[in-house]
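The structure appears right after this line, and notes come after that.
There are 2 protein chains.
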Amino acid sequence: MKPIQVGLMGFGTVGTGVFNVLQRNQAEIKRRAGRGIEVSMVSRRNTALAQEVVGDRATVVADARAIIANPDIDIVVELIGGYDLAKELVLEAIAAGKHVVTANKALLAVHGTEIFAAASAKGVMVAFEAAVAGGIPIIKSLREGLTANRIQWIAGIINGTTNFILSEMRDKGLDFEVVLKEAQRLGYAEADPTFDIEGVDAAHKLTLMSAIAFGVPVQFDKAHIEGITKLSSVDIKYAEQLGYRIKLLGITKRTPKGIELRVHPCLIPAKRLIANVEGAMNAVVVNGDAVGTTLYYGKGAGSEPTGSAVIADLVDITRLHTADAAQRVPHLAFQPDAMSDTPVLPMGDVVTSYYLRLRVADEAGVLARVTGILAEAGISIDAVLQREADEVGGEGSTQTDLIILTHDCAEAKMDAAIAQMQALPTVLQSITRIRKEELA
Amino acid sequence: MKPIQVGLMGFGTVGTGVFNVLQRNQAEIKRRAGRGIEVSMVSRRNTALAQEVVGDRATVVADARAIIANPDIDIVVELIGGYDLAKELVLEAIAAGKHVVTANKALLAVHGTEIFAAASAKGVMVAFEAAVAGGIPIIKSLREGLTANRIQWIAGIINGTTNFILSEMRDKGLDFEVVLKEAQRLGYAEADPTFDIEGVDAAHKLTLMSAIAFGVPVQFDKAHIEGITKLSSVDIKYAEQLGYRIKLLGITKRTPKGIELRVHPCLIPAKRLIANVEGAMNAVVVNGDAVGTTLYYGKGAGSEPTGSAVIADLVDITRLHTADAAQRVPHLAFQPDAMSDTPVLPMGDVVTSYYLRLRVADEAGVLARVTGILAEAGISIDAVLQREADEVGGEGSTQTDLIILTHDCAEAKMDAAIAQMQALPTVLQSITRIRKEELA
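So the sequences go chain by chain: A and B. Per full-length UniProt numbering, the very first residue in the first sequence carries number 1; after that it's consecutive. Per full-length UniProt numbering, the very first residue in the second sequence carries number 1; after that it's consecutive.
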């Protein structure tokens, strides 16, 4: 049988990875798929750069639409990124009856509903394993591996840049700005790192996982998003002393009132496996009611790891492109007519525990006033760490750090308590609040 | 559409888990599968015990063959275990045109070739996610999630009983026999724990992973199998001092000369994620040439975790039972006509590094003689730990422990060197040799 014909729209890091791995492992992949998979067209504005890689093994075009227009192409892979052009091309490819593979988490997190509906109407598949956690087969595990379960929650380190920065801050006791520059120098962070360090990239990925875990539409606009730019190395150190690590987590959770969907720095017990995921690696913890806690770990980015996920999708489509809809896994794991309208909870209703750091005057009664406010609000305290004044501010200091770990309470209640504590004259700086999850 | 009809042959721990999870999550599972999945028959010799669980929700029979004989049953789940009866029933079910799901690793590791051939000839599926690592979707990840890769190696903690025992030995400094009794009391080890503690269960699972990773037939009879019964807590302690943990690993590796297939205790660096998998949990590390190192973690046994894996297979079959062979994932990941005959390497040809512990006379020249033998054999030394005599044998002792970590060498060469060292008059006890893997 003729190999299935693939066109790559966009030929940068990931495209090159897909092309090279398909070339190198073509025999092995065909032994699995039962049919060859061949990249016969690639598009890149700078055609000369693409030509250098592919030589005479594929046709290089400047205009991605030439791929869509080619009736011999069975599957197009969208690797252009961003929203506008990528969205147009994906919808045009679907309209032309092509199956689509994409690594574009931003596109699907924002426009997924429209794109999946168009694909279903046309009877084509849109696969996106590469959009979340790079080479880790987390989409497949959630959509197919854990189908028996009511998923309870997911918590993931799904952005390598920020995990690299946090690992370095902890290892070397350096501040965020210093480590960011180092990460940029090493190529772990982009020149404009905003999407990574502000948590937006993680929120895109989390949105996709939340949809397939709970059978709800993609709702990126409802996500609560905080990055790591305000994290201080002193909090990383105090967390360590209390037996915790700070990680940027994407968390989505099913509660009786609705679905939590939030990205923020988070204390997690140092003994949890995910707390020990270092550097640019990714890991996702999934808790299901039958299976319990499972974890998936690997490289979350890079040419060949992401290429590995794209190719896994190509193999799936090669198997199933002649199948009917009932034989295919639904785009968002649940049948389109069986989606749920469970709302995403506003952040004020999210229940979690907290780490608080207060810079206070080192005088009698401060602790009593602070804990009094928490008690009044019905927030119970798990642990208190009060530093000696001179440990923090040096000999003769009259200030100190007061660290409090709380038990679970609703975020709105904590907001109110923090506002009250902040108003105390003995609280000298803006209070640091970091959420905490046990992930048990 | 009428729900797909399932019959459970065997209704113990796992069968009950499958039944209960399917009952509890039936709405959620139908939303995913697009069709209901219903257990309409279960078989158990003691029908009264089964009847207690299922009530009037399914027909209980004493004879599993009544399930196979029922034309309404689409899928049979074999949960009887063992070889003889299970094999007969699985082959009869296939002959009757039933799809089969099984958690029986022993059966497939030994008779898989025959069973998969019969299934292919009949056009039915035999699914076995539950046979390896309980609820972790490792079979799906290997067969479908990593199809782009030439898998290089797999290393797994795939037996919860032995991992629980090793965790306890390390935590509490206790000896194997003591912890085994405790594990039996707590239900983590069976009354006859031989299959677990001798590594046979792990070797069954490893055999299946090796086949689907490398596209070779199941070859349980070629596996090298060592359990944990001879492990001493003193080695766990020394390993710790050198920065390593000891785990019972199943390792399968692709080398230019052939495939390694081996289960044995193994030192691994303490900083690796898998070294921190404690208690009865399972984890599998998979290294592929494109994706790099990935890890999959979760509960490797138990009623509902294993039930979760069985049900994932039921959902897959529900989707694909009307598909043709090309649309289904091949049983062993590779197309039956594209299997490889790469041989399994004899243990003597396996190359790895080693931990050696020698009980020696505390006198001058011992270290020189021992290291001289290794040097002569061309085995280079990575680290040496020599204890003070009285640390080991108490005040006035004339004996001590000599610990050596080596670099990589072929097992046959190490066997010869150990025989020579053992013959030295200053080597007072049988030399302990534990293999070591960096898993980088």
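Cβ atoms here follow ideal geometry from the backbone N, Cα and C, with glycine treated the same way.
Same chain only: Cβ atoms within 8 Å of residue 312 (chain A), ignoring 5 sequence neighbours per side: Stepping through the first sequence from its first residue, residue 312 (chain A) is reached at position 312. Non-local beta-carbon contacts of residue 312 (chain A) in its own chain, meaning distances under 8 Å to residues more than five positions away in sequence, involve 129, 137 and 140 in chain order.
CB contact below 9 Å: residue 334 (chain A) versus chain B: For the purposes of this step, residue 334 (chain A) is taken as the residue at position 334 of the first sequence. By this cut-off, residue 334 (chain A) is an interface position.
With distance defined between alpha-carbon atoms, name the residue in A:103, A:34 and A:75 nearest to residue 12 (chain A). Along the first sequence, read from residue 1 onward, the residue named residue 12 (chain A) stands at position 12. That would be A:103, whose Cα lies nearest to the Cα of residue 12 (chain A).
Does DSSP put residue 110 (chain B) in a helix, a strand or coil? Residue 110 (chain B) sits at position 110 when you count from the first residue of the second sequence. Here residue 110 (chain B) sits in helix by DSSP.
For residue 260 (chain B), is the classification buried or exposed, using 16 other Cβ atoms within 10 angstroms of its Cβ as the cut-off for buried? In the second sequence, the residue the question calls residue 260 (chain B) occupies position 260. With 16 or more Cβ atoms within 10 Å of its Cβ, residue 260 (chain B) is classed as buried.
In chain B, which residues lie with their C-beta within 7 Å of the C-beta of residue 136 (chain A)? If you number the first sequence from 1, residue 136 (chain A) lands on position 136. Within chain B, the residues near residue 136 (chain A) are 294.
Since residue 159 (chain A) meets chain B, which of its residues come closer than 7 Å, beta carbon to beta carbon? Counted from its first residue, the first sequence places residue 159 (chain A) at position 159. Near residue 159 (chain A) there are no residues of chain B at all, since even the closest Cβ is about 17 Å away, more than 7 Å.
Identify, in the order they occur along the chain, each residue of the same chain with its Cβ nearer than 7 Å to the Cβ of residue 217 (chain A), setting aside the five sequence neighbours on each side. Taking the first sequence and counting its residues from 1, one reaches residue 217 (chain A) at position 217. If we look at residue 217 (chain A) and ignore the five residues flanking it on each side, its Cβ neighbours are 113, 211 and 339.
Test item: CB-CB of residue 28 (chain B) and residue 292 (chain A) under 9 Å: Here residue 28 (chain B) corresponds to residue number 28 of the second sequence, with the count starting at 1. Here residue 292 (chain A) corresponds to residue number 292 of the first sequence, with the count starting at 1. No.
9 Å Cβ cutoff met for residue 78 (chain A) and residue 107 (chain A): Indexing the first sequence from 1 puts residue 78 (chain A) at position 78. Indexing the first sequence from 1 puts residue 107 (chain A) at position 107. Yes, the Cβ-Cβ distance between residue 78 (chain A) and residue 107 (chain A) is below 9 Å.
I want to see whether chain A comes within less than 9 Å of residue 435 (chain B), judged by CB atoms only; does it? The residue you call residue 435 (chain B) lines up with position 435 of the second sequence. Residue 435 (chain B) is outside the set of residues whose beta carbon lies under 9 Å from a beta carbon in chain A.
Ignore the nearest five residues each way along the sequence and tell me which others in residue 194 (chain B)'s own chain have a CB closer than 8 Å to its CB. In the second sequence, residue 194 (chain B) corresponds to position 194, counting from 1. Taken in chain order, the residues that qualify are 200.
Are at least three pairs of beta-carbons, each pair with one atom in the stretch 148-155 of chain A and one in the stretch 302-322 of chain A, less than 8 Å apart? Cβ pair count under 8 Å is below three, so no.
Would you mind sorting residue 294 (chain B) into buried or exposed? The rule is 16 or more other CB atoms within 10 Å of its CB. Here residue 294 (chain B) refers to the residue found at position 294 of the second sequence. It counts as buried.
Taking only beta carbons into account, state which residues of the stretch 70-89 of chain A come closer than 7 Å to chain B, listed in chain order. Nothing from the stretch 70-89 of chain A brings a Cβ to less than 7 Å from some Cβ of chain B.
Beta-carbon within less than 8 Å of residue 378 (chain B)'s beta-carbon, same chain only, minus the 5 sequence neighbours each way: which residues are those? Against the second sequence, residue 378 (chain B) aligns to sequence position 378. Once the five neighbours on either side are set aside, the close Cβ partners of residue 378 (chain B) are 409 and 413.
For the stretch 32-53 of chain A, which residues have a beta carbon sitting closer than 9 Å to at least one beta carbon of chain B? 32, 33, 34 and 35
I need the DSSP call for residue 28 (chain A), collapsed to helix, strand or coil. Here the question's residue 28 (chain A) lines up with position 28 in the first sequence. The answer is helix: DSSP assigns residue 28 (chain A) an H, G or I state.
So, at 8 Å on beta carbons, what are the nonlocal neighbours of residue 59 (chain B) in its own chain, with the 5 sequence-adjacent residues on each side left out? Here residue 59 (chain B) is taken as the residue at index 59 of the second sequence, counted from 1. Excluding positions up to five away in sequence, the list reads 40, 41 and 42.
Using 8 Å as the threshold, is the stretch 244-251 of chain A in touch with the stretch 265-272 of chain A, meaning 3 or more CB pairs across them? yes
In three-state terms, what does DSSP make of residue 104 (chain B)? Looking up residue 104 (chain B) in the second sequence gives position 104. It is coil, neither helix nor strand.
Leaving out five residues on either side along the sequence, give the residues of the same chain with a beta carbon under 6 Å from the beta carbon of residue 68 (chain A). What you label residue 68 (chain A) is simply residue 68 of the first sequence in a count that begins at 1. These residues qualify, in order along the chain: 92, 93 and 96.
List, in order along the chain, the chain A residues whose C-beta lies closer than 8 Å to that of residue 308 (chain B)? The residue you call residue 308 (chain B) lines up with position 308 of the second sequence. What residue 308 (chain B) touches in chain A: 146, 148, 149, 288, 290 and 291.
Please state if the CB of residue 158 (chain A) and the CB of residue 202 (chain A) are separated by a distance shorter than 9 Å. On the first sequence, position 202 is the one that residue 202 (chain A) refers to. On the first sequence, position 158 is the one that residue 158 (chain A) refers to. Yes, they are a contact pair.
Under the assumption that residue 73 (chain A) contacts residue 155 (chain A) (Cβ atoms under 8 Å), give the Cβ distance between them as a whole number of angstroms. Here the question's residue 73 (chain A) lines up with position 73 in the first sequence. Here the question's residue 155 (chain A) lines up with position 155 in the first sequence. Incorrect: roughly 39 Å between the Cβ atoms, too far for contact.
Can you find at least 3 beta carbon pairs, one from the stretch 333-352 of chain A and one from the stretch 159-176 of chain A, that sit closer than 8 Å? no
Residue 57 (chain A) versus residue 4 (chain A): straight-line alpha-carbon distance, rounded: As a first step, residue 57 (chain A) must be located in the first sequence, where it is residue number 57. As a first step, residue 4 (chain A) must be located in the first sequence, where it is residue number 4. Going by the C-alpha atoms only, they are around 15 Å apart.
So residue 253 (chain A) is in the beta strand (DSSP E); what residue range does that whole segment cover? Counted from its first residue, the first sequence places residue 253 (chain A) at position 253. Per DSSP, residue 253 (chain A) belongs to the beta strand (DSSP E) from 244-255.
Which full runs of the beta strand (DSSP E) of 3+ residues lie inside the stretch 117-199 of chain A, going along the chain? 151-157
Exposed or buried, what is residue 46 (chain B) when buried is set at 16 or more other beta-carbons lying within 10 Å of its beta-carbon? Within the second sequence, numbered from 1, the residue matching residue 46 (chain B) stands at position 46. Taking every protein chain shown into account, the CB of residue 46 (chain B) has fewer than 16 other CB atoms within 10 angstroms, so this residue is exposed.
What is the DSSP secondary structure of residue 5 (chain B), reduced to helix, strand or coil? Numbered from its first residue, the second sequence carries residue 5 (chain B) at position 5. Three-state result, residue 5 (chain B): strand.
Taking a contact to mean a Cβ-Cβ separation below 9 Å, would you say residue 283 (chain A) touches residue 297 (chain A) in this structure? By one-based count along the first sequence, residue 283 (chain A) stands at place 283. By one-based count along the first sequence, residue 297 (chain A) stands at place 297. Against a cut-off of 9 Å, the Cβ pair of residue 297 (chain A) and residue 283 (chain A) comes out as a contact.
If you follow the alpha helix (DSSP H) that residue 446 (chain B) is part of, which residue opens it and which one closes it? Nothing about residue 446 (chain B) can be reported from this structure: the residues present for chain B run from 1 to 440 only.
Provide the residue span of the alpha helix (DSSP H) that contains residue 387 (chain B), from first to last. Position 387 of the second sequence, counted from the first residue, corresponds to residue 387 (chain B). Looking at the DSSP string, residue 387 (chain B) is not in any alpha helix (DSSP H), and its letter there is neither H nor E.
According to DSSP, is residue 10 (chain A) helix, strand or coil? Counting from one through the first sequence, the residue named residue 10 (chain A) turns up at place 10. If DSSP states are grouped into helix, strand and coil, residue 10 (chain A) belongs with coil.
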